[in-house]
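S.K.: Below is one structure. I have some questions about it.
Structural data, given as structure tokens:
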């Protein structure tokens, strides 16, 4: 399994939101580039980045910072937020982003996402952000009325690298990962699943790893790394085993 440290960008700063609320952002580092370098030096093998402003506005916003991070670290980067057309997707791929996360577009423009999976096999991650089992879109501000599993099944056998499943009610709330929902989703799919939302302790990571099926590819960790609830070295060692 892969442990992805998260860098969420809002107004050029590295922040964490509470349950996806843009008005409840805690600044953890005013220098996201330095934060990325620190994660790399600590030994993480991947970075997960989200342009939060981009997710809400529907187009990339923190472009300069993301570009600088890409050129500043050697580990692969998984990027989401505001990527809703081919031009934007190709821009990020061309400058060196390793994986593109598509969320809202999976509902608003599925043909674009199907084609992206075909054009860039193994480089597209489908983000399914759910609140009470229903998919939220546009930076988690709108309820789509679509069940998480139903959306995931639309992308089976399309060549996606993974399904990134976030329980919004858990995200940033330090209440533990929704392991049951994540495992259930993984059992229902052949596409690998990445868990996200609610990691609060090393025990959460241990429990997820113990219960994970072969279908769970990794987990994203944010606030717990920033506030010290999880020691970086211990987390990396756990996933190295």
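Numbering (this note's numbering), first residue to last: 420 to 660.
For every residue, glycine included, the Cβ atom is placed at its ideal position computed from N, Cα and C.
Assign residue 362 to buried or exposed, taking buried as 16 or more other Cβ atoms, counted over all protein chains shown, within 10 Å of its Cβ.
M.R.: The question about residue 362 has no answer, for the chain in this structure spans 420 to 660.
S.K.: Our contact map puts residue 500 next to residue 537 with C-beta atoms below 8 Å; I'd like the distance itself, whole angstroms only.
M.R.: The residue you call residue 500 lines up with position 81 of the chain shown. The residue you call residue 537 lines up with position 118 of the chain shown. Their Cβ separation, rounded to whole angstroms, is 22 Å, which puts residue 500 and residue 537 out of contact at 8 Å.
S.K.: Nearest to residue 556 by CA position, among 477, 452, 443 and 450, is which residue?
M.R.: Taking the chain shown and counting its residues from 1, the one referred to as residue 556 is at position 137. Taking only the C-alpha atoms, the option nearest residue 556 is 477.
S.K.: If you reduce the DSSP assignment to three classes, tell me which class residue 531 lands in.
M.R.: For the purposes of this step, residue 531 is taken as residue 112 along the chain shown, with counting starting at 1. In the structure shown, residue 531 sits in a helix (DSSP, three-state: H, G or I).
S.K.: Which class does residue 448 belong to by DSSP, given the choice of helix, strand or coil?
M.R.: Within the chain shown, numbered from 1, the residue matching residue 448 stands at position 29. Correct three-state label for residue 448: strand.
S.K.: Locate the alpha helix (DSSP H) running through residue 502, then write down its first and last residues.
M.R.: The sequence position of residue 502 within the chain shown is 83, counting from 1. Residue 502 -> no alpha helix (DSSP H), and no H or E assigned at all.
S.K.: Short check: CB of residue 542 to CB of residue 517, under 8 Å?
M.R.: As a working note, residue 542 is residue 123 in the chain shown. As a working note, residue 517 is residue 98 in the chain shown. In terms of Cβ geometry, residue 542 and residue 517 form a close pair [threshold 8 Å].
S.K.: May I ask you to list the residues that DSSP assigns as paired with residue 435?
M.R.: The residue you call residue 435 lines up with position 16 of the chain shown. According to DSSP, residue 435 bridges with 445.
S.K.: Return yes when at least one heavy atom of the ligand FAD lies under 7 Å from the C-beta of residue 603, else no.
M.R.: Although the ligand FAD was asked about, the structure shown includes no ligands whatsoever.
S.K.: My output table needs one value for residue 610: the three-state DSSP class, helix, strand or coil.
M.R.: Here the question's residue 610 lines up with position 191 in the chain shown. Residue state, collapsed to three classes: coil.
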